[in-house]
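Heads up: the sequence shown begins at 5 in the numbering used here, then just goes up one per residue. Backbone N, C-alpha and C define an ideal beta-carbon position, used for all residues, glycine too. Note that the structure is a prediction, hence the values are computed from the model and not measured. These notes are about the structure you will find just below.
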Amino acid sequence: MTTITLQNITRRFTDDSGQSVQAIDDLSLRVREGEVLALMGPSGCGKTTLLRLVAGLDQPDSGEILYDQTPMAERPMEERGIGMVFQHGALMPHWESERTIGFFLRLRQREHEVPERVRRISQITGIGMEALMTRRPNQLSGGERQRVAVARALARDLKLLLFDEPFSNLDAHLRGQARLELRRLLNEFPITALYVTHDQDEAVTLADRLVIMNHGRIEQAGSYRQLYDSPVNLFVAKFFGHPAMNFFEGEVRDGAWHGENFGGYPFRRDLPDGTPVTMGVRPQYFHLCDGGVAGVVDSVVPYLSERRNLVTVWLGGERWAMALPMGADTPRGATVYCCIEREFAHFFDAETGLRIG
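Here it is as structure tokens:
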């Protein structure tokens with residue numbers, strides 16, 4: 005295992021039009037020994053660029069990357085102990101799986117260890133890897149190719165393992181199975197890991213800590229609960245969590261927040277009247293109530309995994325979604341009365357996007 009420290013990393017590129025693009029912008033981050041850290045963010049936010057910098061496949065324009073407090077530039081590539089797993093597995097097309105998994109062990113005259121490594125991986129995941137050993141990549145399914153790619157990485161006595169959306173090409177069922185298998189492997193093999201993904205369920209399942217990136221910067225880092233319950237700004241609140249958070253524009257008046265339909269919630273008295281504030285509320289913190297805000301049901305979408313319906317309601321110029329029990333009487337077109345659990349509402353400065361309370 006190893007600790008990775010990034011100090012004030014900046015990386016720029018020149019695009020096809022000749023314009024300079026800031027891919028990574030003065031970013032600092034520490035990946036702890038033995039930690040699985042997930043990198044998330046919209047396309048183009050710098051996740052894969054950051055992964056390539058940590059791997060040594062690219063160099064920063066400024067800043068420093070440390071491996072166990074040693075500058076990366078001072079440690080030869082062969083001594084870094086880094087492995088990567090990509091979207092497509094990147095397997096040699098003419099090699100059987102056994103040769104692929106054992107390649108790096110053979111280089112070190114340790115070929116005899118391959119059967120035991122394969123047996124251990126099979127035991128941990130519950131998947132019979134032995135059945136795949138004589139097959140070439142074109143004889144493997146997408147899920148099987150990724151299992152071989154992960155087994156190849158774990159057979160190498162690595163210190164750091166980098167994943168770049170390894171399961172994005174699998175269908176939903178296989179993706180769920182693959183991430184559970186990988187979680188079991190990461191629990192058993194002592195290794196530090198960086199994991200790039202667009203899939204929030206995948207990040208929550210696999211990672212000890214999550215990092216949300218945007219425009220080459222870190223917006224917030226923390227546990228799933230920290231990001232979900234205490235987003236530091238509007239970007240994180242909009243990006244993280246599903247079903248998505250609802251947002252309502254409003255302002256402060258007489259020490260209370262007031263919006264178009266909801267309002268009157270006690271708020272900070274130190275803010276002057278007229279201060280624009282955006283309120284955010286997750287769908288599960290709405291409920292039906294007598295005397296609440298009236299709205300018309302626009303759609304009802306079942307969330308079977310949570311045994312709830314996502315009910316979208318509109319009134320005037322606002323729409324909001326509520327996560328309600330499946331038995332709730334909310335047919336499309338019906339008028340319903342909605343209340344908010346005020347203690348779970350989030351408030352953000354409408355101009356800066358920063359969280360305020």
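Item                                                                                                                                                                                : Value
What is the rounded straight-line gap between the Cα of residue 73 and the Cα of residue 284?                                                                                       : 41 Å
Taking the alpha carbon of residue 281 as the point to measure from, which residue in 6, 84, 307 and 269 has its own alpha carbon closest?                                          : 269
Under a three-way DSSP split, which group does residue 102 fall into?                                                                                                               : helix
Out of 326, 302 and 253, state which residue places its alpha-carbon closest to the alpha-carbon of residue 337.                                                                    : 302
Measuring straight from C-alpha to C-alpha, what distance separates residue 97 and residue 143?                                                                                     : 10 Å
Give me, in chain order, the residues of the same chain whose beta-carbon lies closer than 8 Å to that of residue 439; leave out the 5 immediate sequence neighbours on both sides. : With the chain covering 5 to 361 only, the question about residue 439 has no answer from this structure.
May I ask you to report which of helix, strand or coil DSSP gives residue 27?                                                                                                       : strand
Just to check my reading of the structure: residue 352 and residue 248 have Cβ atoms closer than 8 Å, yes? What is that Cβ distance to the nearest angstrom?                        : The Cβ separation is near 15 Å, so there is no contact.
Please state whether the Cβ-Cβ distance between residue 330 and residue 346 is less than 9 Å.                                                                                       : no
Comparing alpha-carbon positions, which option in 251, 325 and 358 lies nearest residue 292?                                                                                        : 325
On a CA-only basis, which of 332, 204, 210 and 342 is nearest residue 166? Give me that one, please.                                                                                : 210
Is the segment 164–178 touching the segment 79–90, taking contact as three or more C-beta pairs under 8 Å?                                                                          : yes
Would you call the CB atoms of residue 362 and residue 189 closer than 9 Å?                                                                                                         : No answer is possible for residue 362: the residues shown for the chain start at 5 and end at 361.
Do you know how far the Cα of residue 205 is from the Cα of residue 180?                                                                                                            : 9 Å
Under 8 Å by Cβ, that's how I've got residue 197 and residue 40 pegged, so tell me the actual separation to the nearest angstrom.                                                   : 5 Å
Using 9 Å as the threshold, is the C-beta distance between residue 263 and residue 322 below it?                                                                                    : yes
Let me check one thing: in DSSP terms, what residues is residue 353 bridge-paired to?                                                                                               : 281
State the Cα-Cα distance for the pair residue 156 and residue 119, rounded to the nearest angstrom.                                                                                 : 12 Å
Relative to the alpha-carbon of residue 332, which residue among 305, 309 and 350 has its alpha-carbon at the smallest distance?                                                    : 305
For residue 308, name the three-state secondary structure that DSSP assigns.                                                                                                        : helix
Would you please state the rounded distance, in angstroms, between the beta carbons of residue 171 and residue 183? I believe it to be under 8 Å.                                   : 6 Å
Looking at the structure shown, is residue 153 part of a helix, part of a strand, or coil, going by DSSP?                                                                           : helix
Between which two residues does the beta strand (DSSP E) holding residue 253 run?                                                                                                   : 250–257
Give the secondary structure of residue 52 by DSSP, where H, G and I count as helix, E and B as strand, and everything else as coil.                                                : helix
Please report the Cβ distance between residue 44 and residue 214, rounded to the nearest whole angstrom; I am assuming they are in contact, meaning their Cβ atoms lie under 8 Å.   : 6 Å
Mind checking who residue 8 pairs with in its DSSP beta bridge?                                                                                                                     : 35 and 71
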